[in-house]
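If you use this note's numbering, the sequence shown corresponds to residues 32 to 240, in order.
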Amino acid sequence: MEVRNQTSVTEFLLSGLVDDPSLNYLFFVIFLLMYLMTLLGNFSMISLISCSPTLRNPMYFFLGHLSFSDVCYSSGITPKIISNMVSRRLVISFQGCAAQLFFFVLFVTAECFLVTVMAYDRYVATCNPLLYVMIMSRDFPMELVGMAYCGGIITTTIQTSCTFRLSFCNSNKVNHFYCDIPPLLKLSCTNTSMSELLGADSLRVEFRS
């Protein structure tokens, strides 16, 4: 049976990290510093790999994309968390929640595939050192990275579309400080078995990869 989004929910109310408002500014400083350190460390890594001729090999090419995906999924949720701490308005729009979930899951999934690609690269370098240059030719690493991102896009599109096609009629309060699939499924008053099955299958694929 096709499940359509027949809800009138236009926004979700997120749960805060702490119940005591006086601690908001403390957590704001902590999250801001952690986010800035994440950006600084990863952009430094990307710049170093891009500017250094000695680091232009497949391993560091994959490591650069791993840093890029780390920046992207951190930026998918952290700025909203930080702004909520300042404004104390723990609200996110329906479209904003869908976008936050999409980009977060996309780059987390892509990062899992990138780690698998890096493991394959090390396997080839260790077990077939004489054939490494031939196997890891100029275009092959780019194809592997492209497959990692495509796998993330396909997996995330299916999960996000199945989640937001449900009807949210129980409540609009998400029991989490950002939009995630399990808390959203708890708000649905329709059958969520398909979304749960797809989520379990996606996790199984990521851990096997």
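Even for Gly, the Cβ is constructed at its ideal location relative to N, Cα and C.
Small disclaimer: the values here were computed from a predicted structure and weren't measured.
Residue 50 and residue 56 have their C-alpha atoms some 13 Å from each other.
In this structure, DSSP gives residue 204 an extended state, which the three-state scheme calls strand.
Spatial neighbours of residue 46 in its own chain (CB-CB distance under 8 Å, excluding positions within 5 residues in sequence) are listed in chain order as 121, 204, 205, 206, 207 and 208.
The three-state reading of DSSP puts residue 124 in strand, counting E and B together. With respect to residue 123, residue 210 sits close: the two C-beta atoms are nearer than 8 Å. Looking at 177, 178 and 212, the one whose alpha-carbon comes closest to that of residue 193 is 212.
Where residue 45 is concerned, there is no enclosing alpha helix (DSSP H), although the beta strand (DSSP E) around it starts and stops at 42-45. Under the Cβ criterion (8 Å, minimum of three pairs), the stretch 134-151 does not count as touching the stretch 72-88. By the C-beta density criterion, residue 118 is exposed, having fewer than 16 other C-beta atoms within 10 angstroms. A direct Cα-Cα distance of roughly 11 Å separates residue 105 from residue 68. Residue 89 and residue 185 have their alpha carbons spaced roughly 25 Å apart. Exclusion of the five residues before and after residue 70 leaves 102 as the residues of its chain whose Cβ lies within less than 7 Å of its Cβ. Looking at 176, 172, 224 and 151, the one whose alpha-carbon comes closest to that of residue 190 is 224. Ranking 96, 222 and 195 by CA distance to the CA of residue 177 puts 96 first.
Going by DSSP, residue 56 is part of the alpha helix (DSSP H) stretching over 55-82. Here the C-alpha atom of residue 130 lies approximately 43 Å from the C-alpha atom of residue 162. Residue 100 sits in a helix when the DSSP states are folded into three classes. Here residue 152 is buried. Its C-beta has 16 or more other C-beta atoms within 10 Å. Classified as exposed, residue 166 has fewer than 16 neighbouring CB atoms from the shown chains inside 10 Å of its CB.
Apart from sequence neighbours up to five positions away, the residues of its chain that approach residue 63 with a beta-carbon distance below 7 Å are 113, ordered along the chain.
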